[in-house]
Amino acid sequence: MFGYIGVNKPELKIRDFETYQSYYCGLCRALGRQTGRFSQLTLTYAMT
0 MFGYIGVNKP ELKIRDFETY QSYYCGLCRA LGRQTGRFSQ LTLTYAMT
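Count the sequence shown with numbering that gives the first Met the number 0 and you get residues 0 to 47, in order.
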């Protein structure tokens, strides 16, 4: 996972980190199914 903004994992609760990661991973997987691998490579944290 690449991007300009990284999450400060030690500061988050486990529940909050799992929610944050599920949005990012869900978006990446949906892009991969609909548009292909290139869109996954261009996805950044800033876009989520």
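No residue lacks a Cβ here, since even glycine has one placed at the ideal position from N, Cα and C.
Note that the coordinates shown come from a computational prediction; the quantities given were computed from them, not determined experimentally.
Contact belief for residue i with residue j at Cβ below 8 Å, rounded distance in angstroms
i	j	result
residue 27	residue 39	5 Å
residue 22	residue 6	Rounded, the Cβ-Cβ distance is 11 Å, inconsistent with contact.
As assigned by DSSP and simplified to three states, the class of residue i
i	result
residue 35	coil
residue 12	coil
residue 30	helix
residue 42	coil
Contact set for residue i: own chain, Cβ-Cβ below 6 Å, skip 5 residues either direction
i	result
residue 31	39
Beta-carbon proximity list for residue i, same chain, < 8 Å, skipping 5 on both sides
i	result
residue 11	19
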